[in-house]
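> Sending over a structure as structure tokens; questions will come in a sec.
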Amino acid sequence: MNLRMWLERSPLIAILRGVKPSEAETICAALEEAGIAIVEVPLNSPEPLKSIEALACRFGDRMLIGAGTLTSVSDVASVASAGGRLIVTPHADVSIVRAAKAARLIAVPGFFNPTEAFALLHAGADAIKLFPADVLGPNMLKAMRAVLPKEAIVIPVGGVGAAQIPAWRNAGAQGFGLGSSLYKPGDSPAAVKSKAQALIAALRQD
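For the sequence shown, counting from 1, position 86 maps to 73 in my numbering; every step adds exactly one.
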């Protein structure tokens, strides 16, 4: 499936920053039970490639598993070798986008302004990540929607929770990256599932 199809299943992207390999599978199982289909393990988490490999092995046939906080082209091959299919960056690096697409992975790089957004889309990005979203705000996305290609997928990340989703959706977001509002290091699977269910309920009400 392409990214748009995954987002149609569930537009919420779980960012498991700080997750450990020993807990990754139980946390991911809780997310799956709640209805979330896309999971990102940031590379600044403990032994992230081990977590990605475990998640890809157990859930990769029915969930989109990948890595975030990629900062170098060499990370792409490492994530691909671990079975990850999603590449997310915090910054606008077209070389990472091109490497991800050459490896037939889904690329979602970060951007902060229109110049970066257009450069990343031109490089082949499957979607662009508006980051940090809480600093830029929905009004920026609404303004950019006037000039971005209609088919461009924009995903706000940073400070996005249940209360913020309606404003972002109205501004034109098609997905939502959820970090601390969904998972914090030390959270139990039950707590994560409860938060995920609340976020999905908020999304449906909107």
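Cβ atoms here follow ideal geometry from the backbone N, Cα and C, with glycine treated the same way.
1. Rank PRO33, SER59 and ARG(-9) by C-alpha distance to the C-alpha of LEU3 and give the top, closest one.
2. Can you tell me where the alpha helix (DSSP H) holding ILE39 begins and where it ends?
3. Would you check if there are 3 or more beta carbon pairs closer than 8 Å linking the segment 165 to 185 to the segment 35 to 44?
4. Quick one: what's PRO29 bridged to in DSSP?
5. How would you label ASP113, buried or exposed, when you count the other beta carbons within 10 angstroms and need 16 or more for buried?
6. Any idea if VAL122 is buried or exposed, counting beta-carbon neighbours within 10 angstroms, 16 or more meaning buried?
7. Assuming the contact rule is C-beta atoms closer than 8 Å, ALA160 and LEU108 should be a hit. Round their C-beta distance to whole Å, please.
8. When the Cα atoms are used, what is the spatial distance from ALA79 to ASN100?
9. In the DSSP output, which residue or residues are listed as bridge partners for LYS116?
10. When you compare only the Cα positions, how much space is there between ARG191 and ALA158?
11. At what residues does the alpha helix (DSSP H) containing ALA188 begin and finish?
Quick look at the numbers:
1. PRO33
2. Segment 35 to 46, the alpha helix (DSSP H) holding ILE39.
3. no
4. GLY55
5. The residue in question, ASP113, is buried, as its Cβ has 16 or more Cβ neighbours within 10 Å.
6. exposed
7. With 8 Å as the limit, ALA160 and LEU108 do not qualify as a contact, their Cβ atoms being about 16 Å apart.
8. 10 Å
9. GLY97 and ILE142
10. 17 Å
11. 176 to 192
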